[in-house]
(Lines of atoms letter the chains of each structure in order from A; the text may use other names.)
(Lines give C-alpha, C1' and ligand atoms only; values in the text may rest on other atoms or scores of the structure.)
Protein backbone atom coordinates (compact mmCIF):
# COMPACT_ATOMS: atom_id res chain seq x y z
CA UNK A 319 0.00 0.00 0.00
CA UNK A 320 1.26 3.47 -0.91
CA UNK A 321 1.06 5.84 2.07
CA UNK A 322 2.31 9.31 2.92
CA UNK A 323 3.94 9.99 6.27
CA UNK A 324 1.75 12.53 8.13
CA UNK A 325 4.83 14.17 9.70
CA UNK A 326 7.12 14.71 6.71
CA UNK A 327 4.81 13.97 3.75
CA UNK A 328 7.07 11.35 2.17
CA UNK A 329 5.20 8.84 -0.02
CA UNK A 330 6.34 5.26 0.41
CA UNK A 331 5.15 1.70 -0.12
CA UNK A 332 4.18 0.05 3.16
CA UNK A 333 3.70 -3.74 3.23
CA UNK A 334 1.16 -5.37 5.54
CA UNK A 335 2.76 -6.48 8.80
CA UNK A 336 2.42 -10.10 9.85
CA UNK A 337 2.66 -10.71 13.57
CA UNK A 338 4.35 -8.23 15.86
CA UNK A 339 6.48 -5.35 14.62
CA UNK A 340 6.43 -1.81 13.35
CA UNK A 341 7.26 0.06 10.18
CA UNK A 342 9.08 3.39 10.32
CA UNK A 343 9.13 6.25 7.86
CA UNK A 344 12.28 6.06 5.77
CA UNK A 345 12.84 9.80 6.16
CA UNK A 346 11.79 11.04 9.61
CA UNK A 347 11.49 7.82 11.61
CA UNK A 348 7.78 8.22 12.34
CA UNK A 349 5.91 4.99 13.13
CA UNK A 350 3.71 4.40 10.10
CA UNK A 351 2.35 1.11 11.36
CA UNK A 352 2.68 -0.83 14.60
CA UNK A 353 1.24 -4.30 15.03
CA UNK A 354 0.83 -6.24 18.27
CA UNK A 355 -0.30 -9.39 16.46
CA UNK A 356 -3.60 -9.43 18.40
CA UNK A 357 -5.95 -8.41 15.61
CA UNK A 358 -9.23 -6.67 16.45
CA UNK A 359 -10.34 -8.86 19.36
CA UNK A 360 -8.08 -7.47 22.12
CA UNK A 361 -8.63 -3.73 21.45
CA UNK A 362 -12.37 -4.32 20.98
CA UNK A 363 -12.66 -6.13 24.31
CA UNK A 364 -10.55 -3.54 26.11
CA UNK A 365 -12.44 -0.62 24.59
CA UNK A 366 -15.82 -2.11 25.54
CA UNK A 367 -14.62 -2.86 29.06
CA UNK A 368 -13.38 0.72 29.43
CA UNK A 369 -16.70 2.09 28.19
CA UNK A 370 -18.66 -0.05 30.65
CA UNK A 371 -16.43 0.87 33.59
CA UNK A 372 -16.89 4.56 32.87
CA UNK A 373 -20.52 4.31 33.99
CA UNK A 374 -19.87 3.27 37.62
CA UNK A 375 -16.76 5.48 37.68
CA UNK A 376 -19.00 8.48 36.97
CA UNK A 377 -22.05 7.48 38.99
CA UNK A 378 -20.43 6.19 42.17
CA UNK A 379 -18.30 8.13 44.71
CA UNK A 380 -14.55 8.13 44.07
CA UNK A 381 -13.29 9.18 47.49
CA UNK A 382 -14.80 9.72 50.93
CA UNK A 383 -13.45 11.82 53.80
CA UNK A 384 -14.68 12.14 57.40
CA UNK A 385 -14.09 15.01 59.83
CA UNK A 386 -15.65 15.78 63.21
CA UNK A 387 -18.62 13.49 62.58
CA UNK A 388 -19.21 14.84 59.08
CA UNK A 389 -18.42 13.12 55.81
CA UNK A 390 -17.95 14.26 52.24
CA UNK A 391 -17.55 12.33 48.99
CA UNK A 392 -16.23 13.20 45.56
CA UNK A 393 -17.54 12.07 42.18
CA UNK A 394 -16.19 12.79 38.72
CA UNK A 395 -18.91 15.37 38.19
CA UNK A 396 -19.04 16.94 41.66
CA UNK A 397 -15.92 19.04 41.09
CA UNK A 398 -17.38 20.27 37.80
CA UNK A 399 -20.60 21.26 39.57
CA UNK A 400 -18.59 23.06 42.24
CA UNK A 401 -16.63 25.06 39.65
CA UNK A 402 -19.87 25.95 37.86
CA UNK A 403 -21.56 27.12 41.04
CA UNK A 404 -18.56 29.32 41.88
CA UNK A 405 -18.85 31.08 38.52
CA UNK A 406 -15.96 29.41 36.66
CA UNK A 407 -18.17 28.40 33.75
CA UNK A 408 -15.54 27.79 31.04
CA UNK A 409 -13.35 25.93 33.53
CA UNK A 410 -16.26 23.66 34.47
CA UNK A 411 -17.20 23.05 30.82
CA UNK A 412 -13.68 22.07 29.72
CA UNK A 413 -13.07 19.85 32.76
CA UNK A 414 -16.46 18.20 32.25
CA UNK A 415 -15.69 17.56 28.60
CA UNK A 416 -12.21 16.16 29.14
CA UNK A 417 -12.95 14.15 32.26
CA UNK A 418 -16.51 12.93 31.64
CA UNK A 419 -18.14 13.45 28.22
CA UNK A 420 -15.25 12.92 25.79
CA UNK A 421 -14.14 9.58 27.32
CA UNK A 422 -17.65 8.22 26.71
CA UNK A 423 -17.61 9.52 23.13
CA UNK A 424 -14.08 8.26 22.47
CA UNK A 425 -14.61 4.70 23.67
CA UNK A 426 -18.19 4.53 22.42
CA UNK A 427 -17.15 5.43 18.87
CA UNK A 428 -14.01 3.29 19.00
CA UNK A 429 -15.99 0.27 20.19
CA UNK A 430 -18.58 0.78 17.42
CA UNK A 431 -15.87 1.01 14.73
CA UNK A 432 -13.90 -2.00 15.98
CA UNK A 433 -17.08 -4.07 16.23
CA UNK A 434 -18.12 -3.07 12.70
CA UNK A 435 -14.69 -3.98 11.33
CA UNK A 436 -14.37 -7.19 13.35
CA UNK A 437 -17.80 -8.57 12.41
CA UNK A 438 -17.83 -7.16 8.86
CA UNK A 439 -20.84 -4.94 9.51
CA UNK A 440 -19.38 -1.71 8.21
CA UNK A 441 -21.48 1.31 7.34
CA UNK A 442 -20.73 4.53 5.43
CA UNK A 443 -19.94 6.25 8.74
CA UNK A 444 -17.22 3.79 9.83
CA UNK A 445 -14.23 5.71 8.46
CA UNK A 446 -15.53 9.08 9.60
CA UNK A 447 -16.27 7.74 13.10
CA UNK A 448 -12.80 6.20 13.45
CA UNK A 449 -11.25 9.52 12.45
CA UNK A 450 -13.17 11.30 15.20
CA UNK A 451 -12.34 8.57 17.71
CA UNK A 452 -8.66 9.11 16.91
CA UNK A 453 -9.05 12.88 17.33
CA UNK A 454 -10.49 12.35 20.80
CA UNK A 455 -7.60 10.13 21.86
CA UNK A 456 -5.62 13.13 23.16
CA UNK A 457 -8.65 14.95 24.62
CA UNK A 458 -10.40 12.13 26.49
CA UNK A 459 -8.44 11.77 29.73
CA UNK A 460 -9.50 9.07 32.21
CA UNK A 461 -5.81 8.22 32.75
CA UNK A 462 -4.87 11.85 33.45
CA UNK A 463 -7.91 12.23 35.71
CA UNK A 464 -6.71 9.19 37.66
CA UNK A 465 -3.33 10.79 38.38
CA UNK A 466 -5.14 13.95 39.48
CA UNK A 467 -7.29 11.83 41.80
CA UNK A 468 -4.17 10.20 43.28
CA UNK A 469 -2.63 13.60 44.02
CA UNK A 470 -5.93 14.91 45.41
CA UNK A 471 -6.14 11.83 47.64
CA UNK A 472 -2.57 12.40 48.88
CA UNK A 473 -3.25 16.04 49.73
CA UNK A 474 -6.43 15.30 51.68
CA UNK A 475 -5.10 12.14 53.36
CA UNK A 476 -2.24 14.20 54.80
CA UNK A 477 -4.86 16.14 56.82
CA UNK A 478 -7.97 13.99 57.22
CA UNK A 479 -8.87 10.28 57.29
CA UNK A 480 -10.24 9.13 53.95
CA UNK A 481 -10.67 6.02 51.84
CA UNK A 482 -11.22 5.02 48.23
CA UNK A 483 -14.88 4.45 47.33
CA UNK A 484 -16.16 1.96 44.69
CA UNK A 485 -16.13 4.59 41.95
CA UNK A 486 -12.46 5.18 42.59
CA UNK A 487 -11.63 1.53 41.93
CA UNK A 488 -13.73 1.64 38.77
CA UNK A 489 -11.85 4.76 37.62
CA UNK A 490 -8.56 3.00 38.31
CA UNK A 491 -9.63 0.04 36.19
CA UNK A 492 -11.05 2.24 33.41
CA UNK A 493 -7.88 4.33 33.23
CA UNK A 494 -5.68 1.22 33.09
CA UNK A 495 -7.80 -0.38 30.38
CA UNK A 496 -7.83 2.85 28.37
CA UNK A 497 -4.04 2.79 28.26
CA UNK A 498 -4.05 -0.89 27.28
CA UNK A 499 -6.55 -0.11 24.52
CA UNK A 500 -4.19 2.48 23.12
CA UNK A 501 -1.24 0.10 23.35
CA UNK A 502 -2.98 -2.79 21.57
CA UNK A 503 -4.81 -0.83 18.87
CA UNK A 504 -3.34 -1.41 15.41
CA UNK A 505 -4.42 1.86 13.87
CA UNK A 506 -3.14 1.12 10.38
CA UNK A 507 -4.77 -2.32 10.38
CA UNK A 508 -8.12 -0.69 11.17
CA UNK A 509 -7.75 1.80 8.32
CA UNK A 510 -6.74 -0.99 5.96
CA UNK A 511 -9.86 -3.00 6.80
CA UNK A 512 -12.30 -0.12 6.44
CA UNK A 513 -14.15 -1.09 3.32
CA UNK A 514 -14.45 2.19 1.38
CA UNK A 515 -12.52 1.50 -1.84
CA UNK A 516 -10.03 4.28 -2.65
CA UNK A 517 -9.16 5.22 -6.22
CA UNK A 518 -5.98 3.74 -7.78
CA UNK A 519 -2.74 5.24 -6.37
CA UNK A 520 -1.67 8.19 -8.52
CA UNK A 521 1.90 9.06 -9.56
CA UNK A 522 3.90 10.69 -6.78
CA UNK A 523 4.30 13.94 -8.67
CA UNK A 524 0.52 14.37 -9.03
CA UNK A 525 -0.87 13.25 -5.70
CA UNK A 526 -2.31 14.51 -2.45
CA UNK A 527 -2.15 12.77 0.92
CA UNK A 528 -4.92 12.65 3.50
CA UNK A 529 -3.30 13.77 6.73
CA UNK A 530 -5.81 11.77 8.81
CA UNK A 531 -5.55 8.26 7.33
CA UNK A 532 -2.39 8.80 5.22
CA UNK A 533 -4.08 7.59 2.04
CA UNK A 534 -2.55 8.93 -1.20
CA UNK A 535 -5.11 10.20 -3.70
CA UNK A 536 -5.10 11.99 -7.08
CA UNK A 537 -4.18 15.65 -6.89
CA UNK A 538 -7.44 16.54 -8.61
CA UNK A 539 -9.28 15.65 -5.38
CA UNK A 540 -7.81 18.61 -3.48
CA UNK A 541 -10.58 20.60 -1.83
CA UNK A 542 -12.82 17.55 -1.64
CA UNK A 543 -13.17 14.78 0.94
CA UNK A 544 -11.15 11.64 1.53
CA UNK A 545 -13.21 8.64 0.34
CA UNK A 546 -12.12 6.58 3.35
CA UNK A 547 -12.29 8.94 6.37
CA UNK A 548 -14.19 11.95 4.92
CA UNK A 549 -11.50 14.40 6.05
CA UNK A 550 -10.99 17.59 3.98
CA UNK A 551 -8.16 17.18 1.49
CA UNK A 552 -5.46 19.87 1.35
CA UNK A 553 -1.83 19.65 0.35
CA UNK A 554 -1.07 21.54 3.55
CA UNK A 555 -3.36 22.69 6.35
CA UNK A 556 -4.77 26.11 5.39
CA UNK A 557 -3.36 29.01 7.46
CA UNK A 558 -1.44 26.53 9.62
CA UNK A 559 1.40 28.85 10.63
CA UNK A 560 -0.87 31.85 11.23
CA UNK A 561 -3.19 29.89 13.49
CA UNK A 562 -0.38 28.16 15.38
CA UNK A 563 1.44 31.47 15.91
CA UNK A 564 -1.68 33.13 17.32
CA UNK A 565 -2.37 30.24 19.69
CA UNK A 566 1.22 30.09 20.96
CA UNK A 567 1.31 33.88 21.44
CA UNK A 568 -1.87 33.68 23.54
CA UNK A 569 -0.27 30.87 25.55
CA UNK A 570 2.77 33.04 26.32
CA UNK A 571 0.49 35.83 27.56
CA UNK A 572 -1.45 33.55 29.90
CA UNK A 573 1.47 31.48 31.23
CA UNK A 574 2.67 34.15 33.74
CA UNK A 575 -0.93 34.71 34.85
CA UNK A 576 -1.39 30.99 35.47
CA UNK A 577 1.76 30.81 37.60
CA UNK A 578 1.41 34.12 39.48
CA UNK A 579 -2.22 33.90 40.57
CA UNK A 580 -3.47 31.14 42.92
CA UNK A 581 -4.97 27.98 41.49
CA UNK A 582 -7.11 27.40 44.57
CA UNK A 583 -8.03 29.18 47.82
CA UNK A 584 -8.41 27.38 51.15
CA UNK A 585 -10.35 28.85 54.06
CA UNK A 586 -9.50 27.07 57.33
CA UNK A 587 -11.14 28.34 60.53
CA UNK A 588 -11.46 31.80 58.98
CA UNK A 589 -7.86 31.89 57.73
CA UNK A 590 -7.45 32.26 53.97
CA UNK A 591 -4.58 30.50 52.19
CA UNK A 592 -3.85 30.95 48.51
CA UNK A 593 -2.13 28.12 46.65
CA UNK A 594 -0.23 28.69 43.42
CA UNK A 595 1.27 25.88 41.36
CA UNK A 596 4.66 26.46 43.00
CA UNK A 597 3.22 26.48 46.53
CA UNK A 598 1.40 23.23 45.76
CA UNK A 599 4.73 21.66 44.84
CA UNK A 600 6.24 22.98 48.07
CA UNK A 601 3.33 21.57 50.06
CA UNK A 602 3.85 18.11 48.60
CA UNK A 603 7.58 18.29 49.32
CA UNK A 604 6.86 19.37 52.89
CA UNK A 605 4.58 16.34 53.30
CA UNK A 606 7.38 14.07 52.06
CA UNK A 607 5.61 13.33 48.77
CA UNK A 608 8.62 13.96 46.55
CA UNK A 609 7.45 11.80 43.59
CA UNK A 610 4.09 13.59 43.39
CA UNK A 611 5.82 16.95 43.76
CA UNK A 612 8.05 16.03 40.81
CA UNK A 613 4.99 15.03 38.76
CA UNK A 614 3.23 18.35 39.45
CA UNK A 615 6.36 20.42 38.75
CA UNK A 616 6.99 18.60 35.48
CA UNK A 617 3.38 18.54 34.27
CA UNK A 618 2.28 22.00 35.43
CA UNK A 619 5.40 24.18 35.20
CA UNK A 620 8.02 22.58 32.97
CA UNK A 621 5.92 20.95 30.24
CA UNK A 622 3.70 23.98 29.37
CA UNK A 623 6.76 26.24 29.10
CA UNK A 624 8.74 23.70 27.07
CA UNK A 625 5.75 23.22 24.76
CA UNK A 626 5.56 26.96 24.12
CA UNK A 627 9.29 27.19 23.45
CA UNK A 628 9.27 24.06 21.29
CA UNK A 629 6.31 25.20 19.20
CA UNK A 630 7.96 28.63 18.77
CA UNK A 631 11.06 26.94 17.35
CA UNK A 632 9.03 24.72 15.02
CA UNK A 633 6.98 27.65 13.70
CA UNK A 634 10.09 29.77 13.21
CA UNK A 635 11.85 26.91 11.40
CA UNK A 636 8.89 26.38 9.06
CA UNK A 637 8.70 30.11 8.28
CA UNK A 638 12.43 30.46 7.67
CA UNK A 639 12.80 27.16 5.80
CA UNK A 640 15.65 26.05 8.04
CA UNK A 641 17.25 22.81 6.74
CA UNK A 642 18.93 21.90 10.03
CA UNK A 643 17.93 19.04 12.38
CA UNK A 644 14.76 18.17 10.50
CA UNK A 645 14.44 14.70 12.01
CA UNK A 646 14.97 16.07 15.53
CA UNK A 647 12.35 18.77 14.98
CA UNK A 648 9.85 16.20 13.75
CA UNK A 649 10.49 14.01 16.80
CA UNK A 650 10.11 17.08 19.02
CA UNK A 651 6.73 17.76 17.42
CA UNK A 652 5.60 14.22 18.22
CA UNK A 653 6.78 14.53 21.83
CA UNK A 654 4.96 17.86 22.29
CA UNK A 655 1.82 16.31 20.83
CA UNK A 656 1.92 13.32 23.19
CA UNK A 657 2.82 15.01 26.50
CA UNK A 658 0.49 18.01 26.25
CA UNK A 659 -2.52 16.28 27.81
CA UNK A 660 -0.65 15.42 31.03
CA UNK A 661 -0.52 19.06 32.06
CA UNK A 662 -4.19 18.74 33.04
CA UNK A 663 -3.20 16.87 36.23
CA UNK A 664 -3.30 19.99 38.42
CA UNK A 665 -6.74 21.02 37.14
CA UNK A 666 -8.14 17.54 37.74
CA UNK A 667 -6.60 17.55 41.22
CA UNK A 668 -8.66 20.66 42.03
CA UNK A 669 -11.79 18.96 40.63
CA UNK A 670 -11.22 16.05 43.03
CA UNK A 671 -10.01 18.16 45.95
CA UNK A 672 -12.78 20.79 45.85
CA UNK A 673 -15.87 18.75 46.86
CA UNK A 674 -13.99 16.82 49.55
CA UNK A 675 -12.95 19.92 51.49
CA UNK A 676 -16.32 21.57 52.08
CA UNK A 677 -16.99 21.61 55.83
CA UNK A 678 -19.00 24.73 56.58
CA UNK A 679 -17.31 27.00 59.11
CA UNK A 680 -14.25 24.77 59.33
CA UNK A 681 -12.67 24.14 55.94
CA UNK A 682 -13.64 25.10 52.40
CA UNK A 683 -11.80 25.09 49.10
CA UNK A 684 -12.59 26.87 45.84
CA UNK A 685 -10.94 27.40 42.48
CA UNK A 686 -9.14 30.70 41.91
CA UNK A 687 -7.99 32.97 39.09
CA UNK A 688 -4.96 30.93 38.13
CA UNK A 689 -6.98 27.78 37.34
CA UNK A 690 -8.81 29.01 34.19
CA UNK A 691 -5.66 30.78 32.98
CA UNK A 692 -3.65 27.59 33.42
CA UNK A 693 -6.27 25.47 31.66
CA UNK A 694 -6.34 28.01 28.83
CA UNK A 695 -2.57 27.61 28.37
CA UNK A 696 -2.99 23.83 28.14
CA UNK A 697 -5.84 24.00 25.64
CA UNK A 698 -4.14 26.68 23.52
CA UNK A 699 -0.91 24.69 23.22
CA UNK A 700 -2.79 21.48 22.38
CA UNK A 701 -4.73 23.33 19.69
CA UNK A 702 -1.49 24.87 18.38
CA UNK A 703 -0.03 21.39 17.95
CA UNK A 704 -3.22 20.29 16.26
CA UNK A 705 -3.34 23.09 13.65
CA UNK A 706 0.43 23.06 12.98
CA UNK A 707 1.32 21.05 9.88
CA UNK A 708 4.72 19.38 10.49
CA UNK A 709 5.15 18.72 6.77
CA UNK A 710 5.89 22.44 6.35
CA UNK A 711 9.27 21.84 8.04
CA UNK A 712 10.27 19.52 5.18
CA UNK A 713 8.78 21.31 2.20
CA UNK A 714 11.85 23.31 1.25
CA UNK A 715 14.06 20.19 1.03
CA UNK A 716 11.64 18.18 -1.09
CA UNK A 717 13.16 17.11 -4.37
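Numbering (my numbering), first residue to last: 319 to 717.
Ideal Cβ placement from N, Cα and C applies to all residues, glycine included.
Straight-line CA distance for residue 594 to residue 466?
16 Å
Option nearest residue 692 by Cα separation, candidates 582, 707 and 381:
582
How many angstroms separate the CA atom of residue 550 from the CA atom of residue 658?
25 Å
Using DSSP with H/G/I as helix, E/B as strand and the rest coil, what is residue 717?
Any reading at residue 717 must be qualified, since the residue scores a pLDDT of 44, below 50, and its modelled position is unreliable; no value is offered.
Three or more C-beta pairs below 8 Å linking the segment 492–503 and the segment 694–713
no
Determine the closest residue to residue 687 out of 715, 573 and 605, with distance taken between C-alpha atoms.
573
Rounded straight-line distance, which links the Cα of residue 655 to that of residue 570
18 Å
Residue 323 - DSSP class collapsed to helix/strand/coil
coil
Entirely within the segment 359–401 and at least 3 residues each: give me those beta strand (DSSP E) ranges in chain order.
381–385 and 388–392
Residue closest to residue 421, alpha-carbon to alpha-carbon, out of 493, 387 and 320:
493
Taking Cβ positions, are residue 448 and residue 509 nearer each other than 9 Å?
yes
I'd like the list of long-range same chain contacts for residue 584, defined as Cβ closer than 6 Å, with 5 residues on each side in sequence excluded.
591 and 683
Is residue 541 helix, strand or coil by DSSP?
coil
CA-CA distance, residue 646 and residue 453?
24 Å
Contact under 9 Å by Cβ, residue 429 with residue 607
no
CA-CA distance, residue 348 and residue 330?
12 Å
For residue 549, does the three-state DSSP call read helix, strand or coil?
coil
Residues bridged to residue 667 [DSSP beta-bridge criterion]:
In the DSSP output, where bridge partners are listed per residue, residue 667 has none listed.
Using only the alpha-carbon positions, how far apart do residue 338 and residue 351 sit?
11 Å
Does residue 530 come out as helix, strand or coil in the three-state DSSP assignment?
coil
With the cut-off set at 9 Å, would you say residue 675 and residue 468 are in Cβ contact?
no
For residue 451, which residues from the same chain have a beta carbon less than 7 Å from its beta carbon, with the 5 sequence-adjacent residues on both sides left out?
424, 427, 428 and 431
Length of the line joining the Cα atoms of residue 405 and residue 395
16 Å
Please go through the same chain and pick out, in chain order, the residues whose beta-carbon is closer than 6 Å to the beta-carbon of residue 617, but skip the five residues on each side of it.
660, 661 and 663
Note down the Cα distance separating residue 483 from residue 446, rounded to an integer number of angstroms.
38 Å
Closest residue to residue 378 among 388, 364 and 393 (Cα-Cα distance)
393
Once DSSP output is grouped into helix, strand and coil, what is the label at residue 477?
coil
If you follow the beta strand (DSSP E) that residue 329 is in, where does it begin and where does it stop?
329–331
Following the continuous alpha helix (DSSP H) through residue 561, name the residue where it begins and the one where it ends.
558–578
On a Cα-Cα basis, can you pick out the residue from 531, 361, 623 and 441 that is closest to residue 695?
623
Kindly give me the distance between the Cβ atoms of residue 698 and residue 559, rounded to whole angstroms, as I take these residues to be in contact under 8 Å.
Not quite, the Cβ-Cβ distance comes to about 16 Å (not below 8 Å), so this is no contact.
Residue 607 - DSSP class collapsed to helix/strand/coil:
coil
Which residues mark the beginning and the end of the beta strand (DSSP E) in which residue 582 is found?
582–586
Can the beta-carbon of residue 326 be found closer than 9 Å to that of residue 711?
yes
For residue 408, three-class secondary structure by DSSP:
helix
Closest to residue 374 by C-alpha separation, out of 541, 353, 486 and 531, would be which residue?
486
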